[in-house]
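**Q** Chains as they are written, first to last, in this note's numbering: chain A, 1 to 506; chain B, 507 to 1012. Cβ coordinates follow ideal geometry from the N, Cα and C atoms, glycine included.
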């Protein structure tokens, strides 16, 4: 058994049995070893952005790491944006990067670079295996590090005992009791849910606390995985725009964090604060990202709301709209047709702003959002989620501009026959940047600036692009067409793409 | 005049008037300022890999920097692979990265990361402008740094006097004389040309030295920009495979470097050396990468070969082949039809291995190669070269696997109506890795390993992909079809793509 085989066996023994890969010469031993360890499933991505994004989507849904296989510094560089989002999502990933053979390093060959420096940018856990005898032990440690709460990217740079499953630390009784006292003080409290506290048990406990104590509830702006829909508590998310957040937090005297961070603005804007916690509001941490926020919320609920029942969302579907596609009618169509138990990978940016409203009463689903703002994650994350949950329908809502970052993920979806329906919200522009151009005070722009935010010259034919990579695709210009095509896509196995052309195009 | 406008004015005054961009919110002031400085041409790329690759291609051909416009850490991360190749090519680039507003940094907003660390990975010159009053001076310094020999990536992180044009240092007379003495010693010498010494004046001087002294001549394996073809000295390149290099350097007692580095293996292989300089061969540096190798070679020629004439390649075209497309017949077709004064962006990997031979006697052309081995550069570099030299035909020879890394460059080519003809050398696999799998001693693989190097399931329809981004495309399965389509593409303005399907597909 050589080093590569020892590595794969350790990974498989540790429950890591999916490898998203874009290998190169320095990873050939690993590729060869796949033949000898059939338990490991190798899934090829055409670019490292697909590989790392898919590992993020897999980890968010499976709750355990996939492994990646990247090639030297440039391969890691190409995958960094996906690892950035994964870091923000606390997704466990075992990130395997092949490096030059040790004795080759001094020669500064063309692909040489400071790989450790890039790995350091990702943060998390980092190990360079220098002795092949240690590869198994290092891999076991990497799995443990990746799974250690709240979850992280563990990078193993290469020249087998299953790890213990790490658990989250419990919040001390005294801290739960202190929060209960705050909630009973009569002052206005708000509980902000994030991290692992955005799934059913935490949402139910939080809802009970709200009923019992009068506390307001919010979920962080970009949750890694939010369970929502009919039968679950519907808790609003913190807004993207600072003025919206100011409304949401107005009058709040105590902000209680459960797995979340206190809200900050995505960007700096002239004359607007970066810290969105209002003056006079005190921030309290009930549970940090690495602590057991779910357990803390449940204990808190039993203190302040022992008899309360959570408020559950009723099944309410929007009527199917008719006529031309607008952001509004598109969101209603999605809300009306979302299938039971779907996973929604949402990178719809501006055109999707009404989706939270129109899908609130849709059948129960998981929502995966753009945690780190590094665009291009929607398609890869959908790919990884579909690998993690092959029995569930995956809906990828993807803005046209972001889609072009990692469109090659469609090819992997076709290759693996994944049940992903991608809807391109096609408005022919970087519309988010048109808005931002105004908001940063750089308005009064003329044609040349606007041209740099325009994607319509030439227009991008997503039907042609998808079919070119083996994914059946259609084009919808009306709500009726979108409804027919969505039903057909959900009804048929394998990937599909719908190019939804929004009326409000430039 | 605000900071962004001051920046752009300084860049334009310093001769930097092309900006390849994929902006985000933190760059909106820059975008807005484009309206007020019409001398700056903004060119949109759909991914930062397109942006940095295009800036590399532009710089290699124009001999002066373009500027980029990248968005925060994730934007820089996506562009790193292109900057890696540019670093290896010594391409001057003014790499402008927008960061969060200074007062926003402490909030660790979603897109925050250690941007300086990534910029440090690129190497070269790095400045963070902290005071808007300094942006003009910093930009001027960035231009000077980018142009300072041998050329580099100068990164300016953002919250007008034109710089002096830096020149290469001359090699001392005593060093030229010492090299002349070596050449006259009767021992076997080989002059290795690289860096700036791969263009006509250096090639002519080297050829004269070879005639006059009997020295062997070689060009480095992956030159940034090699001038070649009929009427120019034809000097063989150092091989990619170590065994080939051993043949080329066999018997050489003195290796004389002119702008090049001593050859090292691309990767480590079992039982093979990383340092490819044979035992008993002494390495001498005539001119380092930042010195004036052209001048040194000319002075050396006047010492050792004052009367010698360079040996010039005669115009010799291969016969147009017929029948199915193989790597051999495809290379012959290219050689037979390469237009006068073309620029060839070569990322053809395995299928292009015969091109050096079949294009040796083609009309004079520039060859841009994969300097840093970070794949995906062919299409972006062709894009930038076409912007730099709008009057010249650009031929991009692109392997199918590499093409999928930065295919979005086609959209920018369509948008800017660039005269680029892309030929996809489509063999349906990562064929280079099939070879490497054998070479690293990881042979005896079965179906699962081979599957991870296979691009044919599903097959990628490049005609569909190109037309989806506004580039007219055709498919060629025979030499006759390829010839007809190549002539048509070269004869018509704007971009074209030919999907050349090689017979030896899996």
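(1) Apart from the five residues on each side of it in sequence, which residues of its chain come closer than 6 Å, Cβ to Cβ, to residue 301 of chain A?
(2) Can you pull the chain A neighbours of residue 970 of chain B, defined as C-beta to C-beta under 8 Å?
(3) Please state the DSSP three-state secondary structure of residue 267 of chain A.
(4) Would you call the stretch 562-577 of chain B and the stretch 889-906 of chain B touching, i.e. three or more CB-CB distances under 8 Å?
(5) With a cut-off of 7 Å, does the C-beta of residue 780 of chain B fall near any C-beta of chain C?
(6) How long is the line joining the alpha carbons of residue 433 of chain A and residue 577 of chain B, rounded to whole angstroms?
(7) Using three-state DSSP, classify residue 197 of chain A as helix, strand or coil.
(8) So with Cβ pairs under 7 Å, would you call residue 932 of chain B a contact of chain A?
(9) Count the other CB atoms, across all protein chains shown, that sit within 10 Å of the CB of residue 362 of chain A; report buried if there are 16 or more and exposed otherwise.
(10) Please name the residue in A/126, A/131 and A/133 whose C-alpha comes closest to that of residue 143 of chain A.
(11) Hey, could you find the ends of the beta strand (DSSP E) residue 19 of chain A is sitting in?
(12) Put residue 164 of chain A into one of helix, strand or coil per three-state DSSP.
(13) To the nearest angstrom, how far is the alpha carbon of residue 747 of chain B from that of residue 784 of chain B?
(14) Starting from the C-beta of residue 37 of chain A, find all residues in its chain whose C-beta is less than 7 Å away, skip the five residues before and the five after it, and write them out in chain order.
(15) Mind the definition here: the stretch 824-837 of chain B touches the stretch 848-868 of chain B only if three or more C-beta pairs lie below 8 Å; say whether that holds.
(16) With DSSP as the reference, label residue 967 of chain B as helix, strand or coil.
(17) So residue 113 of chain A contacts chain B; which residues on that side make the cut at Cβ distance below 8 Å?
(18) In terms of residue numbering, what span does the alpha helix (DSSP H) encompassing residue 852 of chain B cover?
(19) When you compare the CB positions of residue 499 of chain B and residue 373 of chain A, do they come within less than 7 Å of one another, or not?
(20) Just to check my reading of the structure: residue 49 of chain A and residue 958 of chain B have Cβ atoms closer than 8 Å, yes? What is that Cβ distance to the nearest angstrom?
(21) Counting only the same chain and skipping the five closest in sequence on each side, list residues whose C-beta sits under 8 Å from that of residue 523 of chain B.
(22) State the beta-bridge partners of residue 189 of chain A as determined by DSSP.
(23) Pull up the distance between the alpha-carbon of residue 925 of chain B and that of residue 916 of chain B, whole angstroms please.
(24) Looking only at its own chain, which residues have a Cβ that is under 6 Å from the Cβ of residue 349 of chain A, when we skip the five neighbours before and after it?
(25) Do the CB positions of residue 478 of chain A and residue 498 of chain A come within less than 7 Å of each other?
(26) Would you list, in chain order, the members of the stretch 632-658 of chain B that have their beta-carbon closer than 8 Å to a beta-carbon of chain A?
(27) So which of B/777, B/738 and B/724 has the shortest CA-CA distance to residue 766 of chain B?
(28) From residue 425 of chain A to residue 468 of chain A, what does the alpha carbon distance come to, in whole angstroms?
(29) Under a three-way DSSP split, which group does residue 741 of chain B fall into?
(30) Between residue 489 of chain A and chain B, is the shortest Cβ-Cβ distance under 7 Å, so that the two count as touching?
(31) Does any residue of chain B bring its CB to less than 7 Å from the CB of residue 15 of chain A?
(32) Against chain B, with Cβ distances strictly below 7 Å, would residue 240 of chain A count as a contact?
(33) Can you tell me where the beta strand (DSSP E) holding residue 499 of chain A begins and where it ends?
(34) For residue 103 of chain A, go through chain B and note every residue whose CB falls closer than 7 Å to its CB, in chain order.
(35) Report the start-end ranges of each alpha helix (DSSP H) in the stretch 537-607 of chain B that is 4 residues or longer and not cut off at the edges.
**A** Judging by the given coordinates:
(1) Locating residue 301 of chain A in the first chain gives position 301, counting from the first residue. Excluding sequence neighbours, residue 301 of chain A sits near 205, 208 and 209.
(2) The residue labelled residue 970 of chain B in the question sits at position 464 within the second chain. 464, 465, 467 and 468, listed in chain order.
(3) For the purposes of this step, residue 267 of chain A is taken as the residue at position 267 of the first chain. Coil.
(4) yes
(5) Included in the structure are the protein chains A and B, with no chain C among them.
(6) Here residue 433 of chain A is taken as the residue at index 433 of the first chain, counted from 1. Here residue 577 of chain B is taken as the residue at index 71 of the second chain, counted from 1. If I take the Cα positions, the gap works out to 12 Å.
(7) Walking along the first chain from the start, residue 197 of chain A turns up at place 197. Three-state result, residue 197 of chain A: coil.
(8) Along the second chain, read from residue 1 onward, the residue named residue 932 of chain B stands at position 426. Answer no: the Cβ-Cβ gap between residue 932 of chain B and chain A never drops below 7 Å.
(9) Residue 362 of chain A sits at position 362 when you count from the first residue of the first chain. Buried is the call here.
(10) Position 143 of the first chain holds residue 143 of chain A. Minimum Cα distance to residue 143 of chain A is reached at A/126.
(11) As a working note, residue 19 of chain A is residue 19 in the first chain. Looking at the DSSP string, the run of the beta strand (DSSP E) that includes residue 19 of chain A is 18-21.
(12) Taking the first residue of the first chain as position 1, residue 164 of chain A is located at position 164. Confidence at residue 164 of chain A is low in this model, with a pLDDT of 47, below 50, so the placement of that residue is unreliable and no value is reported for it.
(13) What you label residue 747 of chain B is simply residue 241 of the second chain in a count that begins at 1. What you label residue 784 of chain B is simply residue 278 of the second chain in a count that begins at 1. Going from the Cα of residue 747 of chain B to the Cα of residue 784 of chain B covers about 14 Å.
(14) Taking the first chain and counting its residues from 1, the one referred to as residue 37 of chain A is at position 37. Closer than 7 Å at Cβ, skipping near neighbours: 5, 8, 9 and 12.
(15) yes
(16) Here residue 967 of chain B corresponds to residue number 461 of the second chain, with the count starting at 1. Three-state result, residue 967 of chain B: coil.
(17) What you label residue 113 of chain A is simply residue 113 of the first chain in a count that begins at 1. Residues of chain B passing the Cβ test: 590 and 627.
(18) Working through the second chain from its first residue, we reach residue 852 of chain B at position 346. It is not in any alpha helix (DSSP H) - residue 852 of chain B instead sits in the beta strand (DSSP E) that spans 848-853.
(19) What is shown of chain B runs 507 to 1012, which leaves residue 499 of chain B out entirely.
(20) Translated into the one-based positions of the first chain, residue 49 of chain A becomes position 49. Translated into the one-based positions of the second chain, residue 958 of chain B becomes position 452. Going by Cβ atoms, the distance from residue 49 of chain A to residue 958 of chain B rounds to 18 Å, so no, they are not a contact pair.
(21) Here residue 523 of chain B is taken as the residue at index 17 of the second chain, counted from 1. Correct list, in chain order: 517, 545, 546 and 547.
(22) Counting from 1 along the first chain, the entry for residue 189 of chain A is found at position 189. For residue 189 of chain A, which the question treats as bridged, DSSP gives the partners A/254.
(23) In the second chain, counting from the first residue as 1, residue 925 of chain B sits at position 419. In the second chain, counting from the first residue as 1, residue 916 of chain B sits at position 410. Roughly 11 Å separates the two Cα atoms.
(24) The residue you call residue 349 of chain A lines up with position 349 of the first chain. Result list for residue 349 of chain A: 399 and 432, in chain order.
(25) Indexing the first chain from 1 puts residue 478 of chain A at position 478. Indexing the first chain from 1 puts residue 498 of chain A at position 498. For residue 478 of chain A and residue 498 of chain A, no; Cβs fall outside 7 Å.
(26) none
(27) As a working mapping, residue 766 of chain B is identified with position 260 in the second chain. That would be B/724, whose Cα lies nearest to the Cα of residue 766 of chain B.
(28) Along the first chain, one-based indexing puts residue 425 of chain A at 425. Along the first chain, one-based indexing puts residue 468 of chain A at 468. Each residue's Cα considered, the two are about 19 Å apart.
(29) Taking the first residue of the second chain as position 1, residue 741 of chain B is located at position 235. Residue state, collapsed to three classes: coil.
(30) Here residue 489 of chain A is taken as the residue at index 489 of the first chain, counted from 1. So, not an interface residue.
(31) For this step, residue 15 of chain A is matched to residue 15 along the first chain. Residue 15 of chain A does not count as touching chain B.
(32) The count along the first chain starts at 1 and reaches residue 240 of chain A at position 240. Closer than 7 Å: no.
(33) In the first chain, residue 499 of chain A corresponds to position 499, counting from 1. That run of the beta strand (DSSP E) goes 496-501.
(34) Position 103 of the first chain, counted from the start, is the residue given in the question as residue 103 of chain A. Neighbours of residue 103 of chain A on chain B, chain order: 774 and 780.
(35) 554-568 and 578-595
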